[in-house]
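Chemist:
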DNA sequence: GGAGAAGGGTCAGGACGCGTT
DNA sequence: GAACGCGTCCTGACCCTTCTC
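Chains as they are written, first to last, in the working numbering: chain A, 99 to 442; chain B, 99 to 442.
#1: Would you identify the three-state DSSP class for residue 105 of chain B, choosing helix, strand or coil?
#2: So, at 6 Å on beta carbons, what are the nonlocal neighbours of residue 409 of chain A in its own chain, with the 5 sequence-adjacent residues on each side left out?
#3: Any beta carbon of chain A sitting closer than 8 Å to that of residue 360 of chain B?
#4: Out of B:362, B:375, B:384, which one is the CA nearest neighbour of residue 45 of chain A?
#5: Over the uninterrupted beta strand (DSSP E) stretch that includes residue 245 of chain B, give me the two end residues.
#6: I'd like the span of the alpha helix (DSSP H) that includes residue 329 of chain A, first residue to last.
#7: Using a Cβ-Cβ cut-off of 8 Å (strictly less than) and excluding sequence neighbours within five positions of residue 160 of chain A, which residues of its own chain qualify?
#8: Residue ranges of each alpha helix (DSSP H) run of no fewer than 4 residues wholly in the segment 218 to 266 of chain A, ordered along the chain?
#9: So does the segment 259 to 270 of chain B actually touch the segment 288 to 302 of chain B, counting three or more Cβ pairs closer than 8 Å?
#10: For residue 228 of chain B, which residues in the same chain have their Cβ closer than 6 Å to its Cβ, ignoring the five residues on either side in sequence?
#11: Ordered along the chain, which non-local residues of its own chain (more than five positions away) have a Cβ less than 6 Å from that of residue 293 of chain B?
#12: Going by DSSP, what residue range makes up the beta strand (DSSP E) through residue 366 of chain B?
#13: If we count Cβ pairs, one from each stretch, closer than 8 Å, do we get three or more for the segment 267 to 283 of chain A versus the segment 304 to 312 of chain A?
#14: In angstroms, rounded to a whole number, what distance separates the CA positions of residue 323 of chain A and residue 289 of chain B?
#15: Specify the secondary structure class of residue 422 of chain B as computed by DSSP and reduced to three states.
#16: Does the segment 428 to 436 of chain A come within contact of the segment 105 to 122 of chain B, defined as at least 3 CB pairs closer than 8 Å?
#17: Count Cβ pairs between the segment 109 to 119 of chain B and the segment 131 to 142 of chain B that sit closer than 8 Å; are there 3 or more?
#18: Pull up the distance between the alpha-carbon of residue 188 of chain B and that of residue 328 of chain B, whole angstroms please.
#19: Taking the alpha-carbon positions, what's the residue 186 of chain A to residue 141 of chain A distance?
#20: Just mark residue 411 of chain A as buried or exposed, buried being the case when its beta carbon has 16 or more other beta carbons within 10 Å.
#21: DSSP three-state call for residue 381 of chain A: helix, strand or coil?
#22: Counting C-beta neighbours from all protein chains within 10 Å, is the total for residue 319 of chain B 16 or more, i.e. buried, or is it exposed?
#23: Distance, Cα to Cα, residue 398 of chain A vs residue 179 of chain A?
#24: Once DSSP output is grouped into helix, strand and coil, what is the label at residue 440 of chain B?
#25: With DSSP as the reference, label residue 319 of chain A as helix, strand or coil.
#26: In chain B, which residues lie with their C-beta within 9 Å of the C-beta of residue 211 of chain A?
#27: Is residue 172 of chain A close to chain B? Criterion is C-beta to C-beta, closer than 8 Å.
#28: Measuring only the C-alpha atoms, how far is residue 438 of chain B from residue 374 of chain B?
#29: According to DSSP, is residue 392 of chain B helix, strand or coil?
#30: Alpha carbons only, please: which of A:414, A:235, A:315 is nearest the one belonging to residue 101 of chain B?
#31: In chain A, which residues lie with their C-beta within 7 Å of the C-beta of residue 195 of chain B?
#32: Along chain A, in chain order, which residues have C-beta atoms closer than 7 Å to that of residue 181 of chain B?
#33: For residue 353 of chain B, which residues in chain A fall below 7 Å Cβ to Cβ?
#34: Residue 385 of chain A versus chain B: which residues are under 8 Å apart at the beta carbon?
#35: Comparing alpha-carbon positions, which option in A:402, A:105, A:283 lies nearest residue 46 of chain A?
#36: With distances taken from CA atoms, which of A:346, A:279, A:313, A:348 is nearest residue 369 of chain A?
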């Protein structure tokens, strides 16, 4: 277990001062004679010297690191998001510290404290909705914050990258309405979250445009965590006039919802037309393959990274950005006209 | 954008020396009179002081951070593994920086360098198989390395946590043999990897115990990345004497294999009995639900974390550990006796 | 009984770690 | 070459007890 060489070792071995080595390490920071530069590089290579991140951070005041704060990686949506973000970040030379909140504001608060301690220069997060003061403080301390997928209304001056939630919900509802369905169930996230309420509003707007009333008993706003999706499906189908179509707009609950439908032996689309949010690879492996609203994860990730890094390098104008990327509807075989649905 | 208070600010405000504050921060490091301790804590709270990680790391020589190096998080296996590891690590107060290799040794090498720069105190990794010298060097520099899921044979002195690959493959093969199948296809990972070869050997052992020959044309060792699973399925079923049963033992390729089977409209289990490795939630949503070898992710994660942290705190005896956790077979409806399979 | 030594708890000060400027 | 960024940890000073002779 040897000791790693320091910049002073390099300087000594190359017969130059530490400043010269530092300048070689950070071009742009000052001139170095070509011969010396070569020699220094040779010694660096020979000793296998690598600058220690901690010392750099201490001196720079901030780390080339961003925090990624999501609910949990068991959710394929966040997993694939994280995958893209880690990848994009790496290509820009920044590392990602990963934290999960389990939708618990306390855990989120802890995470934020830790990220502050680490002087991260940015945070990409799916906020729980709590900790408003902490988020504000983080930003005041110079940390670039980008919310992804969800927003917090009270924090208007934070960048947000999300999909067109309103629009996506409206379009999927319209699609089902056009198939003749009038009783369309909606499972969405908590209405206190921006995604939950936006999706509900899209659903309502579609009804309004079609001059149809909205039956509030067809709407289930369920928590992101746990198995609430299954319960919601069960209770919807147990209604006296059950829906003939269902939109599962709460990404986190798609799996448990579909599992319940399979367990109940519901025939899709004959008994129930189904549209689910988020294009997980497995949605095409079910029988029938599911029609989905595909969330363009890559776009979400790329925009988020660009915002964080752009602000890090001061290349973005002041003022919060709100970026909404289009999520398109991918028809497969889980939707059918109402006539057919009633035929059995 | 105010400046965060430092330990000296706290000391000044509390009317004590810096060392006293430090000792309050790190109990066990020295005595502090109760009254002073209270006062210091009060000031810390009042100023909102938090020690900066970079300064600590610099002084300690190592960070309370571990690196997690996996192929990619799009693979639900790694995603759920990462989820558990992040969770376990957090409960021990250590952060996780995440890097992906895409199975590319160059990217892996980069990651290792970066982790070294960051003075991480441990690394949990699914190694690509390359970079043997780098891994060795990392360990020589005092970084605790734990391989998870896969091993590198040349590095005998590195801890490994994996499932009983040989045993799992043997048992699933025996199960299919007991159903009367004699032509069992095997899709497994590259034979250069420990998992790939162990699973193949288990497959062979089952045949040997049953005094049956192994037909090498039924074996497909495919790379972890890409869509090779689908191709392997296609070529197996295109054989003149196609297999009547299939084991997909390459976790990374289960999705593409199953997708291909669905696309080809293969009737499972009537035309083909199927066992796949790794219990992803969606495997029970297909028609029929798939029989799986369930990898106990939690156990893998917990053991890995315990090894890393245990060594960090010097609480483990010298010498590499090899931990194999049992993966159990979870029968669902994708396997049928051969008689039935031929009936159509 | 009283002077002086020995012991243990408490804290101030400063060197140190390693790049950057 | 030297100061700086910010914790950590070692050294030595100082105090108050307690015990010895």
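We put the beta carbon where it would ideally sit given N, CA and C, even for glycine.
Modeler: On the basis of the supplied data:
#1: If you number the second chain from 1, residue 105 of chain B lands on position 7. Three-state result, residue 105 of chain B: helix.
#2: Looking up residue 409 of chain A in the first chain gives position 311. Correct list, in chain order: 242.
#3: As a first step, residue 360 of chain B must be located in the second chain, where it is residue number 262. It does; some Cβ of chain A falls within 8 Å.
#4: The shown model of chain A, from 99 to 442, leaves out residue 45 of chain A, and the question about it has no answer.
#5: Stepping through the second chain from its first residue, residue 245 of chain B is reached at position 147. Residue range 242 to 246 is occupied by the beta strand (DSSP E) that includes residue 245 of chain B.
#6: Taking the first residue of the first chain as 1, we reach residue 329 of chain A at position 231. 326 to 335 is the extent of the alpha helix (DSSP H) around residue 329 of chain A.
#7: For the purposes of this step, residue 160 of chain A is taken as residue 62 along the first chain, with counting starting at 1. Closer than 8 Å at the Cβ level, and outside the excluded window around residue 160 of chain A, lie 217, 218, 219, 240.
#8: Complete alpha helix (DSSP H) runs here, min 4: 230 to 238.
#9: yes
#10: The sequence position of residue 228 of chain B within the second chain is 130, counting from 1. Here the set comprises 203.
#11: In the second chain, residue 293 of chain B corresponds to position 195, counting from 1. Residues 248, 263, 287 of the same chain have their beta carbon placed closer than 6 Å to that of residue 293 of chain B, with the five preceding and five following residues left out of the count.
#12: Locating residue 366 of chain B in the second chain gives position 268, where the first residue counts as 1. Per DSSP, residue 366 of chain B belongs to no beta strand (DSSP E) and is neither H nor E.
#13: yes
#14: Within the first chain, the letter at position 225 stands for residue 323 of chain A. Within the second chain, the letter at position 191 stands for residue 289 of chain B. One C-alpha to the other measures close to 39 Å.
#15: Indexing the second chain from 1 puts residue 422 of chain B at position 324. Strand.
#16: Taking a cut-off of 8 Å on C-beta distances, the segment 428 to 436 of chain A does not touch the segment 105 to 122 of chain B, as fewer than three cross pairs fall below it.
#17: Verdict: yes, contact present.
#18: On the second chain, residue 188 of chain B is found 90 positions in, with the first residue counted as 1. On the second chain, residue 328 of chain B is found 230 positions in, with the first residue counted as 1. For residue 188 of chain B and residue 328 of chain B, the distance between alpha carbons rounds to 38 Å.
#19: Locating residue 186 of chain A in the first chain gives position 88, where the first residue counts as 1. Locating residue 141 of chain A in the first chain gives position 43, where the first residue counts as 1. For the pair residue 186 of chain A and residue 141 of chain A, the Cα-to-Cα distance works out to about 32 Å.
#20: Translated into the one-based positions of the first chain, residue 411 of chain A becomes position 313. Residue 411 of chain A should be labelled exposed.
#21: Translated into the one-based positions of the first chain, residue 381 of chain A becomes position 283. In this structure, DSSP gives residue 381 of chain A a helical state, which the three-state scheme calls helix.
#22: Here residue 319 of chain B refers to the residue found at position 221 of the second chain. Per the 10 Å Cβ criterion, buried.
#23: Position 300 of the first chain holds residue 398 of chain A. Position 81 of the first chain holds residue 179 of chain A. Using only the alpha carbons, I get a separation of about 8 Å.
#24: As a first step, residue 440 of chain B is located in the second chain; it is residue number 342 there, counting from the start. Any reading at residue 440 of chain B must be qualified, since the residue scores a pLDDT of 46, below 50, and its modelled position is unreliable; the value itself is stated next. Here residue 440 of chain B sits in helix by DSSP.
#25: For this step, residue 319 of chain A is matched to residue 221 along the first chain. Collapsing the DSSP output to three states places residue 319 of chain A in a strand.
#26: For the purposes of this step, residue 211 of chain A is taken as residue 113 along the first chain, with counting starting at 1. Those are 148, listed as they occur along chain B.
#27: By one-based count along the first chain, residue 172 of chain A stands at place 74. Residue 172 of chain A belongs to the set of residues whose beta carbon lies under 8 Å from a beta carbon in chain B.
#28: Mapped onto the second chain, residue 438 of chain B falls at position 340. Mapped onto the second chain, residue 374 of chain B falls at position 276. Unreliable placement is indicated for residue 438 of chain B, whose pLDDT of 47 sits below 50; the coordinate value is still reported in the next sentence. One C-alpha to the other measures close to 20 Å.
#29: Counted from its first residue, the second chain places residue 392 of chain B at position 294. If DSSP states are grouped into helix, strand and coil, residue 392 of chain B belongs with the strands.
#30: If you number the second chain from 1, residue 101 of chain B lands on position 3. Closest by alpha carbon: A:235.
#31: Here residue 195 of chain B corresponds to residue number 97 of the second chain, with the count starting at 1. The answer, in chain order, is 193, 194, 195.
#32: Within the second chain, residue 181 of chain B is the residue found at index 83, counting from 1. Result: 170, 171, 172, 198.
#33: Within the second chain, numbered from 1, the residue matching residue 353 of chain B stands at position 255. Here the neighbours are 379.
#34: The count along the first chain starts at 1 and reaches residue 385 of chain A at position 287. Chain B residues near residue 385 of chain A: 384, 385.
#35: For residue 46 of chain A there is no data in the structure shown, the boundaries of chain A being 99 and 442.
#36: As a first step, residue 369 of chain A must be located in the first chain, where it is residue number 271. Selected option, being the one with the closest Cα: A:279.
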